Amino acid sequence: MMNSIFTSTAKLAVLMIAMLGSSITLAEIAVIVHPANDSSLQADDIAKLYLGKSKKFSNGQSAIALDRGEGTELRVKFLESTVGKDESQMKSYWSRLIFTGKGIPPKVVETDAEVKELVSRNPDTIGYIDAGAVDDTVKVVATF
Amino acid sequence: MKKHTFKVSLLAAAVGLAAGSAMATELRIDGFANIVAGQMISDSEDGSLYGYDEDLSFSPETNYGIQFRGDLDDGLSITGQIVGRGNEDYDAKVTWAYLTYEISDELSLKAGRSRVPYFMYSDFLDIGYAYHWIRPPQAVYDLGFENQDGITLDYLTEIGDWSSRVTVMVGRSDSDVDLDGDGTNESRIRILNQVGGAWSVNYDWFTARIAYFTSRVDIPVDDLATLSQGIKDYDAGLALAVPGYQAGTLDDTADKVVYDQDMAQFAGIGFSADYDNIIAVAEYTQVRIDDAPLEDRDTWYISAGYRINQFTVFGTYEKYNYNAKTDEVEKFANAAPITGVPALDGARAGILAGLPDVFSGEKDSEGMGIGVRYNFHPSAAIKVELNQLDNKTDNTKPQSIAVATNIVF
């Protein structure tokens, strides 16, 4: 009896540690590109792509940035780590461009799986997903 | 009539795109709304600001707009913006309609009706969400005309860590302007052969910008035309009556009292910074019109704000100066001899009485504003702003308060 309580407590502790571990991985963001994309991408370069300031990778290939849903933890953290803006500032930035025909913000893709699929199929794309969702169909160029 | 043509072509384009023709078209719709309520808090003899009076009203600054953008293949797109304004009974008007062709990633060509990039905030004047004020400082921004029909080239490049945008345009604009500000004296301002451009450079948190335009300004005003003709007739009369009088001596004055395709120049410089929690912006502009009553219009403002989470507190100082050609009256008096001929001397007196009105448009004012912006939603902000104008010319100090909700969608 005593033993089994201990066992279950131990199991619970292991489970909690595992969950804690996984929640840390959940918060980690991986910026991904097509495996064939050999461009070097610093946080600055990624920011420029998401701000529409550059439309090409360093290897000269044209770039299509994929964004995530507004209000998601992933997007909030990504914007903070790359462009250094919060969602309102980003909205304000893009509204200056949208209404002058000078640019359209990156397309929003809702799930990690969809981003991964688009990126694995199209060498022009760049996206960001939960680091835990990364597999060998895509190449990680940065993590935050 | 012109506006109507635009509306029809835009509709046709929108319908064609919505019908999802065989081409790979994509229709994007964006919108904005600014609901602004304001009123004067100073005495009524101090005049008004931004169209407000002593009772709360929504119409002077409330507006909404919808923008359609259809992307066709190979870098071709069409954009149309329909805006309704409270001060025009919310009648929806097609304010912009243009084709964009992306020649390359760096270079694009725009043809149609769009905004002239005189100022840093010209392109998104109507998008309250994109800036901290309720309205950009009017000392600088209240020029009277904003859009033009023309062709624009836009060149965007990266120079090291800096990005550079060069915009060059040619075009014209025709707009009805209320000359006295009270609806009694409307005139059709025509800005012809406008050529110019803007260059802005941006480094992470810092942006600098210069703009320069030249054009021919044509503002038909009946009273001025009559006065100008009167001076010419008087000059002809002098040439007949006064031996040795050189015909055409007064032509210069006759030309100066009217805006008849006069050469105009606009120049502007601006800076803005968005560093950490601090925002700062300053702009200075000059307008010069040769051979016209307006001597020069010099305006500038400086504004700074501090962000605390979703709040931004800000303050602004603006200065407006518009000089009159005061020496023109004296020049006329010196050039026009007293003849002893009653008809001519009567005409001289009449012109001398009329000239000061034409050349006395002098205006000097400074304004101050303080306000706060709060982003209460990822797509919406609410702002409160207090403004005071100090009119040095007529010694009035109108003060206003306004509350705005700015939405983009």
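Listed in order, the protein sequences are those of chains A and B.
Its first residue numbered 1, the first sequence is counted upward by one per residue in the numbering used here.
Its first residue numbered 1001, the second sequence is counted upward by one per residue in the numbering used here.
The beta-carbon is built from N, C-alpha and C at its ideal position, and this holds for glycine as well.
Just so we're clear, the structure is a prediction, and the values are computed from it rather than from any experiment.
Excluding the 5 residues flanking it on each side, B/L1076 has same chain C-beta neighbours closer than 6 Å at Y1101, in chain order. By the Cβ criterion, the stretch 1329 to 1349 of chain B is not in contact with the stretch 1284 to 1300 of chain B, since fewer than three pairs of Cβ atoms, one from each stretch, lie closer than 8 Å.
The beta carbon of B/T1253 sits closer than 8 Å to the beta carbons of I1231, E1328, K1331, F1332, A1335 and L1355 from its chain, once the five residues preceding and following it are set aside; these are given in chain order. For the pair of segments examined, the stretch 1059 to 1068 of chain B was found to touch the stretch 1029 to 1047 of chain B: the number of CB pairs separated by less than 8 Å reaches three. Counting along the chain, the unbroken beta strand (DSSP E) around B/F1213 starts and ends at F1206 to I1219. In the three-state reduction of the DSSP assignment, B/D1255 falls in the helix class.
Rounded to the nearest whole angstrom, the C-alpha separation of A/I98 and B/A1349 is 58 Å. Across the stretch 1059 to 1083 of chain B, CB contacts with chain A closer than 9 Å involve G1065, Q1067, R1069, D1071, S1077, T1079 and Q1081, in sequence order along the chain.
The DSSP-derived three-state label of B/A1353 is helix. Within the same chain, and ignoring the five residues on either side of B/D1178 in sequence, the residues whose Cβ sits closer than 6 Å to its Cβ are E1186. Within the same chain, and ignoring the five residues on either side of B/V1140 in sequence, the residues whose Cβ sits closer than 6 Å to its Cβ are E1283, T1285, T1299 and Y1301. Across the structure, A/N37 and A/T82 are spaced so that their CA atoms are roughly 20 Å apart.
A/V134 sits in coil when the DSSP states are folded into three classes, being neither helix nor strand. With a contact defined as Cβ atoms closer than 8 Å, B/F1409 and B/S1360 miss out at about 47 Å. Under the 9 Å criterion on CB atoms, B/R1216 is classed as non-interfacial with respect to chain A.
What A/I126 touches in chain B, judged by beta-carbon distance under 7 Å, is nothing: the nearest beta carbon there is about 15 Å away.
B/F1311 sits in a strand when the DSSP states are folded into three classes.
For B/T1167, the enclosing beta strand (DSSP E) covers residues W1162 to D1178. Pairing A/N59 with B/Q1265, the inter-Cα distance amounts to about 44 Å. Rounded to whole angstroms, the Cβ separation of B/K1110 and B/I1151 is 7 Å, and the two are in contact under 8 Å. Between A/T111 and A/P35, the C-beta gap is not smaller than 9 Å, which leaves the two residues out of contact. Listed as beta-bridge partners of B/R1115 by DSSP are B/N1147.
Rounded to whole angstroms, B/Y1234 and B/I1370 show a C-alpha spacing of 53 Å.
One alpha carbon belongs to B/I1401, the other to B/P1136, and they sit about 15 Å apart.
Neighbours of A/K77 in chain B, taken as residues at a C-beta separation under 9 Å, are lacking, since the least C-beta distance is about 15 Å.
Here B/Y1322 is actually not in contact with B/R1288; their C-beta atoms are around 12 Å apart, not less than 8 Å. When B/I1269, B/G1144, B/I1189 and B/K1256 are compared, the shortest CA-CA separation from B/V1201 is found for B/I1269. Taking C-beta separations shorter than 6 Å and ignoring five residues to either side along the sequence, the partners of B/T1396 in its chain run D1046 and G1047, following chain order. Residue environment for A/V140: exposed (fewer than 16 other C-beta atoms within 10 angstroms of its C-beta). Residue pairing from DSSP places B/N1321 in a beta bridge opposite B/D1298 and B/D1364. Counting along the chain, the unbroken alpha helix (DSSP H) around A/A113 starts and ends at D112 to R121. Using a C-beta cut-off of 8 Å, the stretch 1212 to 1224 of chain B makes no contact with the stretch 90 to 97 of chain A, since fewer than three inter-stretch Cβ pairs fall below that distance. Straight through space, the alpha carbons of B/P1117 and B/D1260 are spaced by roughly 24 Å. Setting aside the 5 residues that flank it on each side, B/Y1090 is surrounded in the same chain by G1084, each with a C-beta closer than 7 Å to its C-beta; the list follows chain order. Take B/Y1245, set aside five residues on each side of it, and the residues of its chain with a beta-carbon closer than 8 Å to its own are L1238, A1239 and P1337, in chain order. Between the C-alpha atoms of B/Y1203 and B/V1403 there is a straight-line separation of about 33 Å.
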